[in-house]
(Lines of atoms letter the chains of each structure in order from A and count residues from 1; the text may use other names and numbers.)
(Lines give C-alpha, C1' and ligand atoms only; values in the text may rest on other atoms or scores of the structure.)
Protein backbone atom coordinates (compact mmCIF):
# COMPACT_ATOMS: atom_id res chain seq x y z
CA UNK A 1 0.00 0.00 0.00
CA UNK A 2 3.02 2.31 0.40
CA UNK A 3 6.70 2.47 -0.51
CA UNK A 4 9.35 3.66 1.93
CA UNK A 5 11.40 4.54 -1.12
CA UNK A 6 14.01 6.72 0.60
CA UNK A 7 14.36 5.20 4.07
CA UNK A 8 14.16 1.59 2.84
CA UNK A 9 15.68 2.02 -0.59
CA UNK A 10 17.75 5.04 -1.55
CA UNK A 11 19.55 5.32 1.80
CA UNK A 12 20.63 1.68 1.73
CA UNK A 13 21.62 1.98 -1.93
CA UNK A 14 23.92 4.90 -1.14
CA UNK A 15 25.51 3.03 1.75
CA UNK A 16 26.03 -0.16 -0.23
CA UNK A 17 27.50 1.85 -3.11
CA UNK A 18 30.30 2.94 -0.76
CA UNK A 19 31.08 -0.77 -0.35
CA UNK A 20 31.38 -1.25 -4.10
CA UNK A 21 27.87 -2.65 -4.65
CA UNK A 22 25.86 -1.61 -7.70
CA UNK A 23 22.27 -1.10 -6.52
CA UNK A 24 18.97 -0.75 -8.35
CA UNK A 25 15.93 0.43 -6.36
CA UNK A 26 12.57 -0.95 -7.50
CA UNK A 27 9.26 0.89 -7.33
CA UNK A 28 6.65 -1.86 -7.61
CA UNK A 29 2.92 -1.48 -8.09
CA UNK A 30 0.73 -0.77 -5.07
CA UNK A 31 -2.92 -0.90 -4.07
CA UNK A 32 -4.80 2.34 -4.71
CA UNK A 33 -5.09 4.44 -1.55
CA UNK A 34 -6.01 7.92 -0.42
CA UNK A 35 -3.53 10.64 0.46
CA UNK A 36 -2.17 8.90 3.58
CA UNK A 37 -1.49 5.28 2.65
CA UNK A 38 0.25 4.52 5.95
CA UNK A 39 -2.72 5.65 8.01
CA UNK A 40 -5.06 3.70 5.76
CA UNK A 41 -2.87 0.60 6.12
CA UNK A 42 -2.96 0.62 9.93
CA UNK A 43 -6.71 1.28 9.93
CA UNK A 44 -7.27 -1.72 7.67
CA UNK A 45 -5.12 -4.00 9.83
CA UNK A 46 -7.90 -3.97 12.42
CA UNK A 47 -10.20 -5.63 9.85
CA UNK A 48 -8.13 -8.40 8.25
CA UNK A 49 -10.79 -9.59 5.76
CA UNK A 50 -11.13 -6.02 4.49
CA UNK A 51 -7.34 -5.65 4.35
CA UNK A 52 -6.96 -8.93 2.43
CA UNK A 53 -9.60 -7.78 -0.03
CA UNK A 54 -7.78 -4.48 -0.49
CA UNK A 55 -4.43 -6.02 -1.41
CA UNK A 56 -5.35 -9.35 -3.05
CA UNK A 57 -5.32 -8.02 -6.61
CA UNK A 58 -2.11 -6.03 -6.30
CA UNK A 59 0.08 -8.78 -4.78
CA UNK A 60 0.50 -10.64 -8.11
CA UNK A 61 1.30 -7.31 -9.81
CA UNK A 62 3.94 -6.38 -7.25
CA UNK A 63 5.42 -9.87 -7.48
CA UNK A 64 5.52 -9.65 -11.28
CA UNK A 65 7.42 -6.38 -10.99
CA UNK A 66 9.99 -7.96 -8.68
CA UNK A 67 10.43 -11.04 -10.87
CA UNK A 68 10.85 -8.82 -13.93
CA UNK A 69 13.37 -6.57 -12.16
CA UNK A 70 15.69 -9.44 -11.21
CA UNK A 71 15.49 -10.97 -14.69
CA UNK A 72 16.09 -7.56 -16.33
CA UNK A 73 19.15 -6.74 -14.23
CA UNK A 74 20.61 -10.21 -14.82
CA UNK A 75 20.00 -9.89 -18.56
CA UNK A 76 21.67 -6.49 -18.83
CA UNK A 77 24.37 -7.01 -16.19
CA UNK A 78 27.23 -7.39 -18.73
CA UNK A 79 26.36 -3.98 -20.22
CA UNK A 80 26.81 -2.41 -16.78
CA UNK A 81 30.00 -4.24 -15.91
CA UNK A 82 28.51 -6.44 -13.22
CA UNK A 83 28.23 -10.20 -12.90
CA UNK A 84 24.80 -11.76 -13.60
CA UNK A 85 25.71 -14.39 -11.02
CA UNK A 86 26.01 -11.74 -8.29
CA UNK A 87 22.58 -10.15 -8.71
CA UNK A 88 20.71 -10.45 -5.41
CA UNK A 89 17.59 -9.03 -3.85
CA UNK A 90 17.05 -7.05 -0.63
CA UNK A 91 13.53 -6.34 0.63
CA UNK A 92 11.91 -4.74 3.66
CA UNK A 93 8.52 -5.70 5.17
CA UNK A 94 6.21 -6.31 2.17
CA UNK A 95 9.35 -6.16 0.02
CA UNK A 96 10.85 -8.79 2.29
CA UNK A 97 7.94 -11.06 1.51
CA UNK A 98 8.51 -10.49 -2.19
CA UNK A 99 12.20 -11.30 -1.81
CA UNK A 100 11.48 -14.60 -0.07
CA UNK A 101 8.79 -15.50 -2.60
CA UNK A 102 11.26 -14.93 -5.45
CA UNK A 103 13.81 -17.09 -3.62
CA UNK A 104 11.24 -19.90 -3.70
CA UNK A 105 9.43 -19.40 -7.02
CA UNK A 106 12.08 -17.93 -9.35
CA UNK A 107 12.49 -18.94 -12.96
CA UNK A 108 16.02 -19.91 -14.06
CA UNK A 109 16.60 -16.53 -15.71
CA UNK A 110 15.40 -14.72 -12.62
CA UNK A 111 17.16 -16.63 -9.85
CA UNK A 112 18.69 -14.19 -7.37
CA UNK A 113 22.25 -15.01 -6.26
CA UNK A 114 21.24 -14.13 -2.70
CA UNK A 115 18.21 -12.80 -0.86
CA UNK A 116 17.99 -10.51 2.16
CA UNK A 117 14.68 -10.43 4.02
CA UNK A 118 14.39 -7.59 6.53
CA UNK A 119 11.32 -8.15 8.72
CA UNK A 120 9.46 -10.41 6.33
CA UNK A 121 8.37 -13.98 5.78
CA UNK A 122 6.63 -16.21 3.25
CA UNK A 123 3.04 -15.80 2.06
CA UNK A 124 2.36 -19.54 2.17
CA UNK A 125 4.39 -22.66 3.00
CA UNK A 126 6.01 -23.76 -0.28
CA UNK A 127 8.91 -26.21 -0.36
CA UNK A 128 12.42 -24.80 -0.53
CA UNK A 129 13.81 -25.30 -4.05
CA UNK A 130 16.98 -27.32 -4.59
CA UNK A 131 18.70 -24.23 -6.00
CA UNK A 132 17.57 -21.91 -3.20
CA UNK A 133 19.89 -18.90 -2.83
CA UNK A 134 21.61 -18.08 0.47
CA UNK A 135 19.44 -15.89 2.68
CA UNK A 136 20.09 -13.12 5.21
CA UNK A 137 17.26 -12.32 7.64
CA UNK A 138 16.93 -9.54 10.23
CA UNK A 139 14.02 -8.69 12.51
CA UNK A 140 13.27 -7.22 15.94
CA UNK A 141 11.54 -9.25 18.63
CA UNK A 142 9.23 -6.32 19.30
CA UNK A 143 8.21 -5.91 15.66
CA UNK A 144 4.87 -4.09 15.82
CA UNK A 145 3.43 -6.19 13.00
CA UNK A 146 4.42 -9.42 14.73
CA UNK A 147 6.88 -10.51 12.03
CA UNK A 148 9.54 -11.98 14.32
CA UNK A 149 8.00 -15.50 14.37
CA UNK A 150 7.61 -15.47 10.58
CA UNK A 151 11.22 -14.39 10.09
CA UNK A 152 12.43 -17.11 12.44
CA UNK A 153 10.25 -19.68 10.68
CA UNK A 154 11.76 -18.64 7.35
CA UNK A 155 15.28 -19.19 8.76
CA UNK A 156 14.29 -22.60 10.11
CA UNK A 157 12.73 -23.54 6.79
CA UNK A 158 15.95 -22.69 4.94
CA UNK A 159 18.29 -24.44 7.35
CA UNK A 160 16.07 -27.51 7.62
CA UNK A 161 16.46 -27.80 3.87
CA UNK A 162 20.26 -27.55 4.35
CA UNK A 163 20.41 -24.16 2.64
CA UNK A 164 22.66 -21.34 3.79
CA UNK A 165 20.96 -18.75 6.00
CA UNK A 166 21.88 -16.18 8.63
CA UNK A 167 19.39 -14.76 11.12
CA UNK A 168 19.67 -11.64 13.29
CA UNK A 169 16.94 -11.18 15.92
CA UNK A 170 17.24 -7.93 17.86
CA UNK A 171 15.61 -7.49 21.27
CA UNK A 172 14.37 -4.00 20.39
CA UNK A 173 13.90 -1.99 17.25
CA UNK A 174 10.26 -2.34 16.26
CA UNK A 175 9.10 -2.43 12.68
CA UNK A 176 10.90 -0.46 9.95
CA UNK A 177 14.06 -0.14 12.03
CA UNK A 178 16.15 -0.10 8.85
CA UNK A 179 14.98 3.42 8.12
CA UNK A 180 15.43 4.89 11.59
CA UNK A 181 18.26 5.84 13.92
CA UNK A 182 17.23 4.79 17.43
CA UNK A 183 20.57 4.41 19.21
CA UNK A 184 19.97 0.66 19.26
CA UNK A 185 21.89 -2.27 17.77
CA UNK A 186 19.36 -2.26 14.90
CA UNK A 187 21.01 0.96 13.70
CA UNK A 188 23.87 -1.24 12.47
CA UNK A 189 21.94 -4.05 10.81
CA UNK A 190 23.37 -3.11 7.41
CA UNK A 191 26.91 -3.65 8.69
CA UNK A 192 25.93 -7.22 9.53
CA UNK A 193 24.45 -7.55 6.06
CA UNK A 194 27.62 -6.34 4.33
CA UNK A 195 29.71 -8.66 6.53
CA UNK A 196 27.47 -11.50 5.38
CA UNK A 197 27.88 -10.48 1.73
CA UNK A 198 31.63 -10.61 2.30
CA UNK A 199 31.49 -14.09 3.84
CA UNK A 200 29.26 -15.34 1.00
CA UNK A 201 31.74 -14.06 -1.58
CA UNK A 202 29.69 -11.23 -3.07
CA UNK A 203 32.01 -8.41 -2.00
CA UNK A 204 35.59 -7.94 -3.10
CA UNK A 205 38.13 -7.97 -0.29
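Residue numbers (this note's numbering): 1 to 205.
Built from N, CA and C at the ideal position, the CB exists for glycine as well.
Neighbourhood of residue 115 by C-beta distance below 6 Å, restricted to the same chain and skipping five residues each side
Along the chain shown, read from residue 1 onward, the residue named residue 115 stands at position 115. Excluding positions up to five away in sequence, the list reads 89, 99, 103, 133 and 135.
So, with DSSP's three-state summary, where would you put residue 169? On the chain shown, position 169 is the one that residue 169 refers to. It is a strand residue.
Quick one, are the C-beta atoms of residue 218 and residue 119 less than 8 Å apart? There is no way to answer for residue 218, as the model of the chain reaches only from 1 to 205.
Bridge partners - residue 24, DSSP secondary structure assignment
Position 24 of the chain shown, counted from the start, is the residue given in the question as residue 24. As computed with DSSP, residue 24 is found in no beta bridge at all.
Beta-carbon gap between residue 137 and residue 166 smaller than 8 Å: The residue labelled residue 137 in the question sits at position 137 within the chain shown. The residue labelled residue 166 in the question sits at position 166 within the chain shown. Going by C-beta atoms, residue 137 is nearer than 8 Å to residue 166.
Legend entry - DSSP-derived helix/strand/coil call for residue 135: The count along the chain shown starts at 1 and reaches residue 135 at position 135. Residue state, collapsed to three classes: strand.
Given residue 202, which residues of its chain have a CB within under 6 Å of its CB, disregarding the five upstream and five downstream residues? Within the chain shown, numbered from 1, the residue matching residue 202 stands at position 202. Same-chain partners within the cutoff: 86.
| Near residue 192, what residues of its chain come up, given a Cβ to Cβ distance below 6 Å and the 5 sequence neighbours on each side ignored? | Residue numbering aside, residue 192 sits at position 192 when the chain shown is read from its first letter. Cβ-Cβ distances below 6 Å link residue 192 to 168 in the same chain, with the five nearest sequence neighbours on each side left out; the list follows chain order.
Residue 50, buried or exposed, once every other Cβ within 10 Å from all chains shown has been counted against 16: In the chain shown, the residue the question calls residue 50 occupies position 50. By the neighbour-count rule (16 or more Cβ atoms within 10 Å), residue 50 is not buried but exposed.
**Study point:** Under 8 Å between C-beta atoms of residue 31 and residue 70
**Key:** Walking along the chain shown from the start, residue 31 turns up at place 31. Walking along the chain shown from the start, residue 70 turns up at place 70. Contact: no.
* Is the beta carbon of residue 91 less than 8 Å from the beta carbon of residue 117? -> As a first step, residue 91 must be located in the chain shown, where it is residue number 91. As a first step, residue 117 must be located in the chain shown, where it is residue number 117. Contact flag set, yes.
Uninterrupted alpha helix (DSSP H) stretches inside the region 35–74 (no shorter than 4 residues): For the region 35–74, whole alpha helix (DSSP H) runs of length 4 or above, ordered along the chain, are 37–45 and 48–55.
Going by C-alpha distance, which of 20, 122 and 35 is nearest residue 105? The residue labelled residue 105 in the question sits at position 105 within the chain shown. When only C-alpha atoms are compared, the closest one is 122.
Less than 8 Å between the beta carbons of residue 67 and residue 34, yes or no? As a position in the chain shown, residue 67 is number 67, starting the count at 1. As a position in the chain shown, residue 34 is number 34, starting the count at 1. Contact flag unset, no.
Just mark residue 151 as buried or exposed, buried being the case when its beta carbon has 16 or more other beta carbons within 10 Å.
The sequence position of residue 151 within the chain shown is 151, counting from 1. Label assigned to residue 151: buried.
Does the beta-carbon of residue 56 have 16 or more other beta-carbons within 10 angstroms, so that it is buried, or is it exposed? Locating residue 56 in the chain shown gives position 56, counting from the first residue. Exposed.
Point to revise | Straight-line gap, residue 163 to residue 128 (C-alpha atoms, nearest Å) | key: For the purposes of this step, residue 163 is taken as the residue at position 163 of the chain shown. For the purposes of this step, residue 128 is taken as the residue at position 128 of the chain shown. Their Cα atoms are separated by approximately 9 Å.
Quiz item: Looking at the unbroken alpha helix (DSSP H) that takes in residue 115, where does it start and where does it end?
Solution: Within the chain shown, numbered from 1, the residue matching residue 115 stands at position 115. That residue, residue 115, is in no alpha helix (DSSP H); its beta strand (DSSP E) goes 115–118.
Three-state secondary structure assigned by DSSP to residue 91: Start at 1 with the first residue of the chain shown, and residue 91 comes out as number 91. Looking at residue 91 - three-state DSSP - the assignment turns out to be strand.
Using only CA atoms, which one of 6, 5, 12 and 28 lies nearest to residue 188?
Along the chain shown, read from residue 1 onward, the residue named residue 188 stands at position 188. If you compare the alpha carbons of 6, 5, 12 and 28 with that of residue 188, the shortest gap goes to 12.
Based on the DSSP secondary-structure assignment, which residues constitute the bridge partners of residue 140?
As a position in the chain shown, residue 140 is number 140, starting the count at 1. In the DSSP output, where bridge partners are listed per residue, residue 140 has 170.
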